[in-house]
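To start, the structure itself, in structure tokens.
Number of protein chains: 2
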Amino acid sequence: MEDLDSFDRLLLEQLQIDSRQTGRELSEKIGLSSAACLRRVQRLRKIGAIEREAAIISPRFEGALTRVIVLLSVARDHPQRLDVLKQKLRRLKEVERLFYVTGDADLAIIVKCASMEDYAAFTERYLFEPPLKGFESLVVLREYPKESDD
Amino acid sequence: MEDLDSFDRLLLEQLQIDSRQTGRELSEKIGLSSAACLRRVQRLRKIGAIEREAAIISPRFEGALTRVIVLLSVARDHPQRLDVLKQKLRRLKEVERLFYVTGDADLAIIVKCASMEDYAAFTERYLFEPPLKGFESLVVLREYPKESDD
DNA sequence: AATGAAATTAAGTAGCT
DNA sequence: AGCTACTTAATTTCATT
Numbered sequence: 386m387e388d389l390d391s392f393d394r395l396l397l398e399q400l401q402i403d404s405r406q407t408g409r410e411l412s413e414k415i416g417l418s419s420a421a422c423l424r425r426v427q428r429l430r431k432i433g434a435i436e437r438e439a440a441i442i443s444p445r446f447e448g449a450l451t452r453v454i455v456l457l458s459v460a461r462d463h464p465q466r467l468d469v470l471k472q473k474l475r476r477l478k479e480v481e482r483l484f485y486v487t488g489d490a491d492l493a494i495i496v497k498c499a500s501m502e503d504y505a506a507f508t509e510r511y512l513f514e515p516p517l518k519g520f521e522s523l524v525v526l527r528e529y530p531k532e533s534d535d
Numbered sequence: 386m387e388d389l390d391s392f393d394r395l396l397l398e399q400l401q402i403d404s405r406q407t408g409r410e411l412s413e414k415i416g417l418s419s420a421a422c423l424r425r426v427q428r429l430r431k432i433g434a435i436e437r438e439a440a441i442i443s444p445r446f447e448g449a450l451t452r453v454i455v456l457l458s459v460a461r462d463h464p465q466r467l468d469v470l471k472q473k474l475r476r477l478k479e480v481e482r483l484f485y486v487t488g489d490a491d492l493a494i495i496v497k498c499a500s501m502e503d504y505a506a507f508t509e510r511y512l513f514e515p516p517l518k519g520f521e522s523l524v525v526l527r528e529y530p531k532e533s534d535d
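Going down the list, the sequences are from chains B and S. For the first sequence, the tail end lands on 535 under this note's numbering, and the numbers increase by one without skipping. For the second sequence, the tail end lands on 535 under this note's numbering, and the numbers increase by one without skipping.
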């Protein structure tokens, strides 16, 4: 893992806000030439600092999409099984994000499904086997986008 | 709010995975000309179906960043105060995502801070006033990216 | 009203100092 | 790193359905 200087950090900050900015725009904001900015962005992609660039879709346009925040409790006596579980969960298409957390729960995942039926199927398939001890489902009724109208 | 046809939905699906795909790549995947694809993408941006395009930064490169999943309990006797609260929270730079949920909690937010001290300051500043009744903090020890190495 | 093909404009990439 | 030439992609124009 290579390290970043302050220009790299500024670039990451900018691209996190808007990844479509041109070299010229980045150049003006961080004070390097356009070519230098874009060369650095290439490097940031290559070393994995930028994992990917993605469009954020407005929830209103996503179609009928159920999101559930699931808090998972895991038996702590078999650490290696926890690792296997994490690896398994993070590969599932339904799992949008996976967090290892402190508190009452051990893992928290954000699950995306087409419907509640699909979510029920998801839980039955993946959330009832050891080392999982139990889970709590917080069904998202509505997500409020960061900056937007309604 | 205008509506989307199946080409639009395919485009959104693709751009959610990778927003850097060229017109030609999109063209091959969805079966329209490059120009048509890019025209549609422009429209999707304009009508707000694409909220924004952003770089996803690897947690390992984000610097010391504390994330906390906060489950908020809200007094239900003043619905209008809940709206005010939601509006306030969603504008805060620390709040990455805001969900209205069912279950023990009423709202769930994902909070991003530079440090635990900052998180403590955040809670003191925003999470101790009505209509908030209480909150539970799940401090993220580690987030596992969807597709990646370690 | 929206498409595809072609021409124009703009951006990203690579080589050199 | 910057500058410049080169390559590629995005945008606009236009004829067609």
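Just so it is clear, CB atoms sit at the ideal spot from N, CA and C, and this is done for glycine as well. Bear in mind that the values here come from a model prediction, so they are computed numbers and not experimental data.
- Can you give, in chain order, each stretch of the alpha helix (DSSP H) that sits fully within the segment 470-497 of chain S and has at least 4 residues? Within the segment 470-497 of chain S, no complete alpha helix (DSSP H) run reaches 4 residues.
- Message: I'd like to know whether the C-beta of K531(S) is nearer than 8 angstroms to at least one C-beta of chain B.
- Response: yes
- Under the assumption that L352(S) contacts A490(S) (Cβ atoms under 8 angstroms), give the Cβ distance between them as a whole number of angstroms. The structure shown does not extend to residue 352(S), since chain S spans only 386 to 535, so no value can be given for it.
- Message: Does L592(B) pass the burial test, meaning 16 or more other C-beta atoms within 10 Å, or should it be called exposed?
- Response: As displayed, chain B neither begins before 386 nor continues past 535, which places residue 592(B) out of reach and without an answer.
- Assumed close pair P464(S), E436(B) - CB separation to whole angstroms, cut-off 8 angstroms: The distance from the Cβ of P464(S) to that of E436(B) is about 39 angstroms, inconsistent with a contact at the 8 angstroms cut-off.
- Message: Spatial neighbours of R405(S) within its chain, please: C-beta separation below 8 angstroms, excluding the five flanking residues on both sides.
- Response: Nothing listed; no residue qualifies.
- So what does DSSP say about E514(B), is it helix, strand or coil? coil
- Message: Taking CB distances under 8 angstroms as the criterion, tell me whether I442(S) reaches chain B.
- Response: yes
- Query: Which of helix, strand or coil does DSSP assign to G408(S)?
  - Reply: Helix at G408(S).
- Item | DSSP three-state assignment for L352(S), whether helix, strand or coil | Residue 352(S) lies beyond the range of chain S shown here (386 to 535); nothing can be said about it.
- Note the first and the last residue of the continuous beta strand (DSSP E) segment covering S458(S). T451 to V459
- Is A420(B) near the ligand ADP, going by C-beta to nearest heavy atom under 7 angstroms? Absent from the structure shown: the ligand ADP. Ligands present: none.
- Message: Classify K518(B): buried if its beta carbon has 16 or more other beta carbons within 10 angstroms, exposed otherwise.
- Response: With fewer than 16 other Cβ atoms within 10 Å, it is exposed.
- Task: For chain S, find out if any of its Cβ atoms is closer than 8 angstroms to the Cβ of A506(B); answer yes or no.
- Result: no
- Query: With 8 angstroms set as the bound, which would you pick, yes or no: does the beta-carbon of F520(B) sit closer than that to a beta-carbon of chain S?
  - Reply: no
- chain S contact for D403(B) (CB, 8 angstroms cutoff): yes
- Task: Would you identify the three-state DSSP class for L400(S), choosing helix, strand or coil?
- Result: In the structure shown, L400(S) sits in a helix (DSSP, three-state: H, G or I).
- Please determine, among G416(S), V453(S) and Q472(S), the residue with the shortest C-alpha to C-alpha distance to T487(B). V453(S)
- Candidates R428(S), R430(S), L395(S) and A421(S): which alpha carbon is nearest K414(S)'s? L395(S)
- Message: Please report whether the beta-carbon of K471(S) lies at a distance below 8 angstroms from any beta-carbon of chain B.
- Response: yes
- Task: Could you confirm whether any beta carbon from chain B is found closer than 8 angstroms to the beta carbon of F513(S)?
- Result: no
- Verify the CB distance criterion: does E479(B) have a CB-CB separation below 8 angstroms to chain S? no
- Query: Nearest-angstrom Cα distance between D468(S) and D503(B)?
  - Reply: 30 angstroms
- Under a three-way DSSP split, which group does A434(B) fall into? coil
- Message: In whole angstroms, give me the CA-to-CA distance for S391(S) and R482(S).
- Response: 28 angstroms
- Scan the segment 413-444 of chain S for residues whose Cβ lies nearer than 7 angstroms to a Cβ of chain B and list them as they occur along the chain. G433, A434, I435, E436, R437, E438, A439, A440, I441, I442 and S443
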